[in-house]
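Engineer: My questions will all concern the structure given below.
2 protein chains.
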Amino acid sequence: MKAIILHAHGGPELFRIEDRPKPEIKPGHVLIRVAASSVNPVDFKIRQGLIPIGPELPGILHGDMSGTVEEVGEGVEGFTEGDEVYGCIGGFKDLPGVLADYALADARLLARKPTNLSMIEAAALPLVTITAWNALMDRAQVSEGQRVLVHAAAGGVGHIALQIAKAAGAEVHVTASSEEKIALGRELGADVGINYKEATVEEYVAAHTNGEGYDVVFDTVGTTRLDDSFQAAKIGGTVVSIAARSTHDLTHVHVRALTLHVVFMLLPLARNIGREHHGAILRQATQLVEAGKLRPHLHTEVFPFERVGDAHALLESGGTFGKIVLSNS
Amino acid sequence: MKAIILHAHGGPELFRIEDRPKPEIKPGHVLIRVAASSVNPVDFKIRQGLIPIGPELPGILHGDMSGTVEEVGEGVEGFTEGDEVYGCIGGFKDLPGVLADYALADARLLARKPTNLSMIEAAALPLVTITAWNALMDRAQVSEGQRVLVHAAAGGVGHIALQIAKAAGAEVHVTASSEEKIALGRELGADVGINYKEATVEEYVAAHTNGEGYDVVFDTVGTTRLDDSFQAAKIGGTVVSIAARSTHDLTHVHVRALTLHVVFMLLPLARNIGREHHGAILRQATQLVEAGKLRPHLHTEVFPFERVGDAHALLESGGTFGKIVLSNS
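So the protein lines, in turn, are chains A and B. Position 1 of the first sequence, counting from 1, maps to 1 under the numbering used here, and the rest follow consecutively. Every number in the numbering used here is 329 more than the matching position in the second sequence, counting from 1.
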């Protein structure tokens, strides 16, 4: 089968198209004919060698995929040949990635793809949806009537998170760096959009929460945005971060008696613990999508697998938004 | 009435005995004939002017007290004249402290003192018990069978926390800096005592948790002990701190996907929110004490109110352990 192989950590030009054997079915797994994948920041950080959670090289990258079940392994229930599925299934540690014609997936990581999404659209969802669900539903336990602030309204995780918070009944405020990104956040359901380049945390907390602060703040960015999050939370409030590998003054955390949750979505893949929860989240996401409450926002250009390097370069440039999807065509 | 007045922030010699009018009863309050108080680190930090949450000066310090109800205000239920009570009732912001013959207390902050404790013993409990309860029961929600690490086994909060965790059914490990302090922790119920001067975090996590780490770590110390706590928690575990006004590398929090709760016990006093919960905690503490599951460990010398400066100096010296109690005799 065709596979996109990374031979060494480095730039986006290091991917090579090669021929590899089709994976063999295993108990608990399904073999999938891969239709599409999407790019997440973790993918280019793994490619660069910045974070030590990638597969051994030479190896296949990327976790997000949609595709069709071709073969079902022993002991797998709930999937049959021909099912259209999606999930974030590999590209980390000893799990091969999905940039190939076929991928072998632990069935616990999968769900049927929403019927009202194409393969291209579905491939945009798994990693960001599971991340946002971990953060807002599992950890912060967002509930009806809470005031939730989501940073980076147009980001991969941010634009899904704001819809999940909205579906949970929260009043959702979002931040972004441009009117265009804020407009996307509002279109996806955010009640209030804040241009963080034009207001300090004190100013927007005063303007939009009567100075009380937010019940829940979701930091999808890290570094100074995590500091902002500590400052934007109400007394006794909750901050969730997906990017906390850095040093922070916790004074605001102390005087507000906050709870900080850090989400590391890949742990169940890397350590083989709690994988069934990923499948369960995607089954709920499928329901939300089919009910019209959740949808991915895609970058206008879809890249073929062969141009994964260009897709990485585009995401790394930071000059675009909307999930970048790769099609195995 | 006699009152101990602090006129200016500074050393322990700045307290003065003066005559002040007895407080007048108010709705929702009870007037208490004060029997005893205890010293907490927050008291000397307020005296020094290090943390800006003390009463206006000249003013009366200290929150912890035991005493006898002398008069019951309008609308107060559950207390009558002659009741022996305890609580942490003032010494912060606009709430006068308890170093006087009489103190006026918001009835929501009080509970009847345990019948099997003297006034001296009961006065040692409120602040540290509410703090430990906030941390372990309200926030970390310690449950049966969890492995809990409590730092500073012989500290004011630590020695109460380990008993509360034990009463909740946890396996309790404690750290301390000497064999004498560890012996106290073991005597109070700790399953494992660790001399943190003789083992690194990796070493004691390997030795006592098979390298997995703790479900819950309670940092009662702050600074480097909070860093140790991040490192000692298991993947997906919980760290609770009562001392986080400092700067920390959160990498361990990220890679372990931890939850950090910061407890600021005085918020309900300073902001008049959730005060009834303090009374509720103390009612549960009274039950634990009467059931023989919780007891304060006292320093051998009890000081009269007039010698509060000496009591502060002793606690600040750090050379002793056991709660230091002041008697209004």
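Cβ atoms here follow ideal geometry from the backbone N, Cα and C, with glycine treated the same way.
1) Could you tell me whether the Cβ of I395 (chain A) comes closer than 8 Å to any Cβ of chain B?
2) Hey, is the region 96-109 of chain A in contact with the region 61-80 of chain A, meaning 3+ C-beta pairs nearer than 8 Å?
3) What runs of the beta strand (DSSP E), each 3 residues or longer, lie entirely inside the region 88-113 of chain A?
4) My understanding is that V568 (chain B) touches D548 (chain B), with C-beta atoms under 8 Å, so please give their C-beta distance in whole angstroms.
5) Can L379 (chain B) and C417 (chain B) be called in contact, C-beta distance under 8 Å?
6) Which of the three DSSP states is assigned to I375 (chain B) in this structure?
7) Using a cut-off of 8 Å between C-beta atoms, extract the partners of I564 (chain B) located in chain A.
8) Which term fits Q141 (chain A), buried or exposed, when burial requires 16 or more other beta carbons within 10 angstroms of its beta carbon?
9) Per DSSP, G59 (chain A) is paired with what?
10) If I follow the unbroken beta strand (DSSP E) through T662 (chain B), where does it start and stop?
11) Ignoring anything shorter than 3 residues or poking outside the region 478-503 of chain B, list the beta strand (DSSP E) runs there in chain order.
12) I need the DSSP call for N195 (chain A), collapsed to helix, strand or coil.
13) When you compare the CB positions of L250 (chain A) and A573 (chain B), do they come within less than 8 Å of one another, or not?
14) So, for Y415 (chain B): in the same chain, excluding its five sequence neighbours on each side, which residues have a beta-carbon less than 6 Å away from its beta-carbon?
15) Below 7 Å on C-beta distance, what does H254 (chain A) contact in chain B?
16) Report yes if the C-beta distance between V486 (chain B) and E500 (chain B) is below 8 Å; otherwise report no.
17) Which chain A residues are close to A586 (chain B), counting only those with a beta carbon under 7 Å from its beta carbon?
18) Which residues share a DSSP beta bridge with T567 (chain B)?
19) Name the chain B residues that come within less than 9 Å of T251 (chain A), Cβ to Cβ?
20) Between B:E399, B:H338, B:A494 and B:K652, which has its C-alpha nearest K355 (chain B)'s C-alpha?
21) Leaving out five residues on either side along the sequence, give the residues of the same chain with a beta carbon under 6 Å from the beta carbon of E81 (chain A).
22) Straight-line CA distance for F632 (chain B) to A132 (chain A)?
23) Helix, strand or coil: which one does DSSP assign to P12 (chain A)?
24) May I ask you to list the residues that DSSP assigns as paired with T247 (chain A)?
25) Please report the straight-line C-alpha distance between F305 (chain A) and G193 (chain A), rounded to a whole angstrom.
26) Among B:L627, B:H607 and B:S472, which residue has its Cα nearest to the Cα of D544 (chain B)?
27) Run through DSSP, which three-state label would A364 (chain B) get?
28) In terms of DSSP beta bridges, what is R554 (chain B) paired with?
29) Quick one: Cα of A506 (chain B) to Cα of R612 (chain B), how far?
30) Cα separation between I653 (chain B) and H480 (chain B)?
Structural biologist: Put simply:
1) Residue coverage of chain A in this structure runs from 1 to 329, which leaves residue 395 (chain A) outside it and unanswerable.
2) With a cut-off of 8 Å, the region 61-80 of chain A and the region 96-109 of chain A count as touching, because enough Cβ pairs lie within range.
3) 102-106 and 110-112, all fully within the region 88-113 of chain A.
4) Taking the second sequence and counting its residues from 1, one reaches residue 568 (chain B) at position 239. Taking the second sequence and counting its residues from 1, one reaches residue 548 (chain B) at position 219. Taking the Cβ atoms as the reference, V568 (chain B) lies roughly 6 Å from D548 (chain B), within the contact range of under 8 Å.
5) Along the second sequence, read from residue 1 onward, the residue named residue 379 (chain B) stands at position 50. Along the second sequence, read from residue 1 onward, the residue named residue 417 (chain B) stands at position 88. If you check the CB distance, L379 (chain B) and C417 (chain B) do not come in under 8 Å.
6) As a first step, residue 375 (chain B) is located in the second sequence; it is residue number 46 there, counting from the start. Reduced to three states, the DSSP call for I375 (chain B) is helix.
7) The residue given as residue 564 (chain B) occupies position 235 in the second sequence. Chain A residues near I564 (chain B): L267, R271 and I273.
8) Working through the first sequence from its first residue, we reach residue 141 (chain A) at position 141. Classification of Q141 (chain A): exposed, given that the 10 Å Cβ count is below 16.
9) Residue mapping note: residue 59 (chain A) aligns to position 59 of the first sequence, counting from 1. Answer is A:L6, bridged to G59 (chain A).
10) Since the displayed chain B opens at 330 and closes at 658, residue 662 (chain B) lies outside it and no answer follows.
11) Listed in chain order, there is nothing to give.
12) In the first sequence, the residue the question calls residue 195 (chain A) occupies position 195. Strand.
13) The residue you call residue 250 (chain A) lines up with position 250 of the first sequence. The residue you call residue 573 (chain B) lines up with position 244 of the second sequence. With contacts defined as CB atoms closer than 8 Å, L250 (chain A) and A573 (chain B) qualify as a contacting pair.
14) One-based indexing of the second sequence puts residue 415 (chain B) at position 86. Excluding the 5 residues flanking it on each side, Y415 (chain B) has same chain C-beta neighbours closer than 6 Å at S395, K442, A451 and P455, in chain order.
15) Walking along the first sequence from the start, residue 254 (chain A) turns up at place 254. Within 7 Å Cβ-Cβ: A573, R574, V591 and F593.
16) As a working mapping, residue 486 (chain B) is identified with position 157 in the second sequence. As a working mapping, residue 500 (chain B) is identified with position 171 in the second sequence. Cβ distance not < 8 Å, so V486 (chain B) and E500 (chain B) don't count as in contact.
17) One-based indexing of the second sequence puts residue 586 (chain B) at position 257. Within chain A, the C-beta atoms nearer than 7 Å to that of A586 (chain B) come from V262, V263, F264 and L267, in chain order.
18) Position 238 of the second sequence, counted from the start, is the residue given in the question as residue 567 (chain B). DSSP lists B:V545 and B:T588 as partners of T567 (chain B).
19) The count along the first sequence starts at 1 and reaches residue 251 (chain A) at position 251. The answer, in chain order, is A573, R574, S575 and T576.
20) As a working mapping, residue 355 (chain B) is identified with position 26 in the second sequence. The shortest Cα separation from K355 (chain B) among B:E399, B:H338, B:A494 and B:K652 belongs to B:E399.
21) Numbered from 1 along the first sequence, position 81 holds the residue referred to as residue 81 (chain A). Within the same chain, Cβ atoms closer than 6 Å to the Cβ of E81 (chain A) are found at V69, the five residues on either side in sequence being excluded.
22) Counting from 1 along the second sequence, the entry for residue 632 (chain B) is found at position 303. Counting from 1 along the first sequence, the entry for residue 132 (chain A) is found at position 132. F632 (chain B) and A132 (chain A): Cα-Cα distance of roughly 55 Å.
23) Taking the first sequence and counting its residues from 1, one reaches residue 12 (chain A) at position 12. Three-state DSSP puts P12 (chain A) in a helix.
24) Within the first sequence, numbered from 1, the residue matching residue 247 (chain A) stands at position 247. Residue pairing by DSSP places T247 (chain A) opposite B:D578 in a beta bridge.
25) Working through the first sequence from its first residue, we reach residue 305 (chain A) at position 305. Working through the first sequence from its first residue, we reach residue 193 (chain A) at position 193. Each residue's CA atom was taken as its position, placing F305 (chain A) and G193 (chain A) some 35 Å apart.
26) Within the second sequence, residue 544 (chain B) is the residue found at index 215, counting from 1. Of B:L627, B:H607 and B:S472, the smallest CA-CA separation from D544 (chain B) is found for B:S472.
27) Counted from its first residue, the second sequence places residue 364 (chain B) at position 35. For A364 (chain B), the three-state secondary structure derived from DSSP is strand.
28) The sequence position of residue 554 (chain B) within the second sequence is 225, counting from 1. Paired residue(s): none; R554 (chain B) is not in a bridge.
29) Locating residue 506 (chain B) in the second sequence gives position 177, where the first residue counts as 1. Locating residue 612 (chain B) in the second sequence gives position 283, where the first residue counts as 1. Per the sequence shown, residue 506 (chain B) should be read as Ser rather than Ala. Whole-angstrom Cα-Cα distance: 33 Å.
30) Here residue 653 (chain B) corresponds to residue number 324 of the second sequence, with the count starting at 1. Here residue 480 (chain B) corresponds to residue number 151 of the second sequence, with the count starting at 1. One C-alpha to the other measures close to 20 Å.
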